[in-house]
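Here is the structure we will look at, set down as structure tokens.
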Amino acid sequence: MYFKKLIPAMIVIATSMLAGNASAFNLPSELVSMDKYQPSIYTLPSPKGNIKSKILSQYAKWKGTQYRWGGQSRNGIDCSALMQKIFRGSLQMELPRTTGEQIRGGYRITQDELKPGDLVFFKTSPADRHVGVYIGHDKFIHASKSQGVTVSELTDSYWQDHYETARRITENV
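Mapped onto mature numbering (1 follows the signal peptide of the UniProt record, and there is no 0), the consecutive letters of the sequence shown carry residue numbers -24 to -1, 1 to 149.
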């Protein structure tokens, strides 16, 4: 009888201790919330010089390269590898390899706050994400499955329908 009364009390105590406390589940804070200005796994120092022109210089080297899932070369490249190449080549910044890792970096920002150098993310299917780098005037560079490395417009209905979030990964962009 004593144990029958003790079990519900233990459940109530455990639930109240765990409620709202992600650290009780050993989850990293960046996975708990992707709210605006929530710092995440990495925030990189502000690069020197004009970010947009440096990114466009890298784009010129990759423009037209065909899309290849898992690809990391001029023989074929996927979207997250392209972001790695662009940021390494233009700003000497190392990004994680996958969109799942890249989306956890920096700070979340709204579409209205986008500046050149911000990463834009799209949910292209229930299991897949796509990433590009914003270059201003509602345009972004990415590795398109159909067009290869190209520039697209955020205002295009496809990208608007699949837009997920944006992340600022450099300080003072």
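Note that the Cβ used here is the ideal one computed from N, Cα and C, for glycine as well.
Values in this document were obtained by computation on a predicted structure and should not be read as measured data.
Sorted by chain position, which residues of the same chain lie with C-beta nearer than 6 Å to residue i's C-beta, five sequence neighbours on each side aside?
| i | result |
| --- | --- |
| D32 | Going by the sequence as given, residue 32 is Leu instead of Asp. Taken in chain order, the list of residues that qualify is empty. |
| C55 | H106, V107, H118 and A119 |
| F1 | Any answer about F1 is weak, because its pLDDT of 33 lies below 50 and its placement is not dependable; what the coordinates show is given next. So no residue of the chain qualifies. |
| Q34 | I62, G65 and S66 |
| Q48 | A57 |
| L3 | Because L3 sits at a pLDDT of 32, beneath the cut-off of 50, its placement in the model cannot be relied upon, and the following sentence gives the value as read from the coordinates. Cβ neighbours of L3 beyond the five flanking positions: none. |
| P72 | Q78 |
| Q60 | L71 |
Using a Cβ-Cβ cut-off of 7 Å (strictly less than) and excluding sequence neighbours within five positions of residue i, which residues of its own chain qualify?
| i | result |
| --- | --- |
| L132 | According to the sequence displayed, residue 132 carries Asp and not Leu. Once the five neighbours on either side are set aside, D132 has no close Cβ partner at all. |
| residue 159 | Given that the chain is displayed from residue -24 to residue 149, the structure contains no residue 159 and the question cannot be resolved. |
| T74 | S56 |
Which of helix, strand or coil does DSSP assign to residue i?
| i | result |
| --- | --- |
| Q34 | helix |
| residue 152 | No information on residue 152 is available, as it lies outside the stretch -24 to 149 that the chain covers here. |
| G65 | helix |
| I79 | coil |
| S29 | helix |
| Q123 | coil |
| H113 | coil |
| Q48 | strand |
| E140 | strand |
| E129 | strand |
| D88 | helix |
Between the Cα of residue i and the Cα atoms of the options, which residue gives the shortest distance?
| i | options | result |
| --- | --- | --- |
| K99 | K115, G76, R84 and D114 | G76 |
| H113 | E89, D104, K61 and Q123 | E89 |
| K37 | G46, R64, N26 and W45 | R64 |
| K115 | D104, Q87 and L58 | Q87 |
| V127 | A142, Y110, R143 and G82 | Y110 |
| R44 | R84, V125 and R80 | V125 |
| K30 | Y134, K39 and G93 | G93 |
| K28 | H138, K91, K121 and S101 | K91 |
| H138 | N26, F97 and K121 | F97 |
Just to check my reading of the structure: residue i and residue j have Cβ atoms closer than 8 Å, yes? What is that Cβ distance to the nearest angstrom?
| i | j | result |
| --- | --- | --- |
| L95 | I145 | 6 Å |
| Q123 | L130 | Not quite, the Cβ-Cβ distance comes to about 16 Å (not below 8 Å), so this is no contact. |
| T141 | R80 | Their Cβ separation, rounded to whole angstroms, is 11 Å, which puts T141 and R80 out of contact at 8 Å. |
Please determine whether the Cβ atom of residue i lies at a distance below 7 Å from any heavy atom of the ligand SAH.
| i | result |
| --- | --- |
| I31 | Ligands are entirely absent from the displayed structure, and the ligand SAH is therefore not among its contents. |
Comparing the C-beta of residue i with each C-beta of chain C, is any distance below 8 Å?
| i | result |
| --- | --- |
| L58 | Any reference to chain C falls outside this structure, which holds one protein chain only. |
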